[in-house]
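There are 2 protein chains.
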Amino acid sequence: MSTIRDVAKRAGVSTATVSHVINGTRAVSGQTRLLVVQAMKDLNFVPSALGRGLRTNSLKTIGFVAADLTNSFFAHVFRGVESRARESNYTVIVSHSDEDVGHESEAIQNLIAKGVDGILLAPVRSGPDDAEFYTEFSVPIVSYDRRLSAVNIPSVVTNSQDAVGEAINFFKARGHERFALIAGKQGLSTTLERGQGFEQAANPHRHWVFYGDSRYEGGVHAARWLSEQPVRPSVVLVGNNLMAMGLVVTLQEHYPEILSSTVLITIDEEPWTSFVRPPLSVIVQPTHEIGVTAADLLLQRIHHAEVPLLTTLPCRFVARSDPVTVSHPLPDYESGPAS
Amino acid sequence: MSTIRDVAKRAGVSTATVSHVINGTRAVSGQTRLLVVQAMKDLNFVPSALGRGLRTNSLKTIGFVAADLTNSFFAHVFRGVESRARESNYTVIVSHSDEDVGHESEAIQNLIAKGVDGILLAPVRSGPDDAEFYTEFSVPIVSYDRRLSAVNIPSVVTNSQDAVGEAINFFKARGHERFALIAGKQGLSTTLERGQGFEQAANPHRHWVFYGDSRYEGGVHAARWLSEQPVRPSVVLVGNNLMAMGLVVTLQEHYPEILSSTVLITIDEEPWTSFVRPPLSVIVQPTHEIGVTAADLLLQRIHHAEVPLLTTLPCRFVARSDPVTVSHPLPDYESGPAS
DNA sequence: TTGTATGCGTTATCAT
DNA sequence: ATGATAACGCATACAA
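Now the structure itself:
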């Protein structure tokens, strides 16, 4: 690897001139510019981001901490992040929190030590009191998926609360009267908001809430819980796709009659939701756009621009099947949005 | 952010001593060590990876280039990579190639400019002549998923060739006599090897090969192609999970009778493969282990250790259903390995 | 056991 | 329009 000094020597100019040619940061005569460019070509010169980073205190790198990239929600968000970052010549370091506060702290520390210019995270702590934890770091932070009510931490979320209400109302209008929510990990803002959206829409009808943990096992437990109810809900909304999978697998194996007689709704589209019989209805979040938007806000904050504290992106509700009301004929709504 | 100099001043020692305390790189009296540690605590000091990186020419960062992290194969490999990397205090920058040679080159260049210590990639060019392309870079490279026959580029692959043979033989033993392969993108070593494994096992029976593109659309086309055959295979092996999805969706929608009368085998486990009816048989690759192993090899190479040029990890074949031979009773093989 | 001083590759200030 | 040089934060060779 050749350095800026090698280039300068070969072009017969000073390192300052080479630097200015590279960055277009002051006037350089066409003559010398040509010399420099040629020398860079000859030496196959690539400026070292390290040297630059040390000097400018910016590595043009951002940190992305996901709960688990294996979860397609995070994978899609990440693609959005990466594409937006690349547009501005930023690269992305990825870490996992696995929904663990310890892991999350560690990840943030490591990222900062690596000199990232900013951090995107789905905060594991998103309770009303936890926000300040995230305000003490020396780099800008933007929260995605979960809302954080801290003065200087912008959040990018979806209106899943409304979408949950919309989904419940959709089936209410079709005559359903018993609803259940399999809620996610307590403490997450999404869990709270989706719970509120559910309560509001399900009232005054009979309804249940089962608290899962946002993991596959939560769905397994929910299935057993469901099977034990003397009177069962006819519509079950599951708070995330991992729990939905646990639920469906368990129902399929042990309680197929529940599976076939219950309307299941989940959040976030995945291939299997339409492959299982009956297919699940889905609240589709704009995952890629979440990533793009969050990255965009972070880059703006890095460049000291003002950004909105809360950005809310719209969901889309896709109704797929309704085994209960199927007895009286219905308009086809296999694959379209509900409203 | 405080620097090593701030710490030195506060502890009343030299920066050298502080540095040595941090890295344990020479003897320090318990007395002064305590002073330094306390000062670091007080100042909330975190050593800058930038400064260190510039000095040691190592940022403790590796690059991971995936075709598409949204594909769960790559997501799982990445988890393996990240966990191994973190063990050694390395962080990972992620880029996408999207199976495009231009994107891949760009990604490699960017990573090197960012000062990564090494790169993990699933090479888009893995033909016999392309290997040397990857040998010209200034940092160690390790290839995963696809084999590269270059002297200094180790590869981590699976024995999917054998696994393909095993799968075909499994159904051959059950009386099947017509086999098809939906092959992946041409030029990839995996496509080549799986093709060979298929040919070998399918002979001397009647067999077909359809060349897809490793993408969803390839599966859609394969479905049409399948429907147009006057005589159809009773066993179809699909070369990757994206094509399998395209195939299944299209069959389900337009040719359900083909879906229900054909044994489908795919590579890489995904939730939907067991949710679709009939469920797919699967060649399961040890994705996480691929990541761990590749990262391990790369770290070794970074530290100038000798590593094997080719590491082959074993697949597991999971047979799930066989609608054709179901007429005569069979031992249950729902979820176990085949051999 | 500890300190001094140099250099990694770059940008930016101050001269010229 | 261009050059000389200090500084960024750290590790390390050399001195003491």
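Chains as they are written, first to last, in our numbering: chain X, 1 to 339; chain D, 1001 to 1339. Each residue gets a CB set at the ideal place from its N, CA and C atoms; glycine is no exception.
| Query | Result |
| --- | --- |
| Reference residue 209(X); option with closest CA among 282(X), 192(X), 216(X) and 215(X) | 192(X) |
| Proximity to residue 1243(D) [Cα-Cα], best of 1043(D), 1212(D) and 1072(D) | 1212(D) |
| Contact belief for residue 160(X) with residue 285(X) at Cβ below 8 Å, rounded distance in angstroms | 7 Å |
| Helix, strand or coil at residue 187(X) according to DSSP, with G and I counted as helix | coil |
| C-beta contact flag for residue 112(X) and residue 131(X) at 9 Å | no |
| Chain-ordered neighbours of residue 1082(D) on chain X, where CB pairs are closer than 9 Å | 69, 94, 95 and 96 |
| Where the beta strand (DSSP E) through residue 211(X) begins and ends | 206 to 211 |
| Residues of its chain near residue 1053(D), where Cβ-Cβ distance is below 7 Å and the 5 sequence neighbours each way are ignored | 1059 and 1115 |
| Other residues of its chain near residue 148(X): CB distance less than 7 Å, five sequence neighbours each side excluded | 123, 126, 131, 134 and 155 |
| Neighbourhood of residue 223(X) by C-beta distance below 6 Å, restricted to the same chain and skipping five residues each side | 247, 250 and 251 |
| Neighbour list for residue 1115(D) in chain X, Cβ cutoff strictly below 7 Å | 48, 49 and 50 |
| Cβ pair count under 8 Å reaching 3, the stretch 1028 to 1045 of chain D against the stretch 1067 to 1082 of chain D | no |
| C-beta neighbour in chain D for residue 250(X), strict 9 Å | no |
| Residue 36(X) (DSSP reduced to helix, strand or coil) | helix |
| Short CB-CB distance (under 9 Å) between residue 270(X) and chain D | yes |
| Completely contained beta strand (DSSP E) runs for the stretch 244 to 301 of chain X, where each covers 3 or more residues | 263 to 267 and 281 to 284 |
| Identity of the residues DSSP links to residue 1174(D) by a beta bridge | DSSP lists no partner for residue 1174(D). |
| Cβ neighbours of residue 337(X) in the same chain (closer than 7 Å, five flanking residues each side left out) | Confidence at residue 337(X) is low in this model, with a pLDDT of 34, below 50, so the placement of that residue should be treated as unreliable; the coordinate-derived value is given next. Hits under 7 Å: 316, 317 and 318. |
| C-beta neighbour in chain X for residue 1075(D), strict 9 Å | yes |
| Enclosing alpha helix (DSSP H) for residue 1078(D) [first to last residue] | 1072 to 1087 |
| Span separating the alpha-carbon of residue 272(X) from that of residue 300(X) | 37 Å |
| Chain X contact residues for residue 1138(D), given Cβ-Cβ distances below 8 Å | 1 |
| Through-space distance from residue 36(X) to residue 12(X), alpha-carbon basis | 8 Å |
| Listed by chain order, chain D residues near residue 110(X) by CB distance under 7 Å | 1091 |
| Candidates 1197(D), 1176(D), 1174(D) and 1169(D), of which the one nearest residue 1182(D) by Cα | 1197(D) |
| For residue 96(X), the first and last residue of its enclosing beta strand (DSSP E) | 91 to 96 |
| Validate contact between the stretch 170 to 185 of chain X and the stretch 230 to 240 of chain X using beta carbons, cut 8 Å, 3 pairs | yes |
| Segment limits, alpha helix (DSSP H) that includes residue 4(X) | 4 to 11 |
| First and last residue of the uninterrupted beta strand (DSSP E) at residue 238(X) | 235 to 238 |
| Buried/exposed call for residue 1331(D), threshold 16 Cβ in 10 Å | Here the model assigns residue 1331(D) a pLDDT of 33, short of 50, so the residue's position is not dependable, and the following value carries that caveat. Residue 1331(D) is exposed by the Cβ-count criterion. |
| Buried versus exposed call for residue 69(X) [16 or more other C-beta atoms within 10 Å across all chains shown] | buried |
| Close Cβ partners of residue 1085(D) (< 8 Å) along its chain, the five nearest in sequence each way excluded | 1062, 1091, 1092, 1295 and 1299 |
| Same chain only: Cβ atoms within 6 Å of residue 1018(D), ignoring 5 sequence neighbours per side | 1004, 1007, 1008 and 1036 |
| Residue 220(X) at chain D interface by Cβ criterion, 9 Å | no |
| Residues bridged to residue 180(X) (per DSSP) | 208(X) and 236(X) |
| Listed by chain order, chain D residues near residue 245(X) by CB distance under 8 Å | 1271 |
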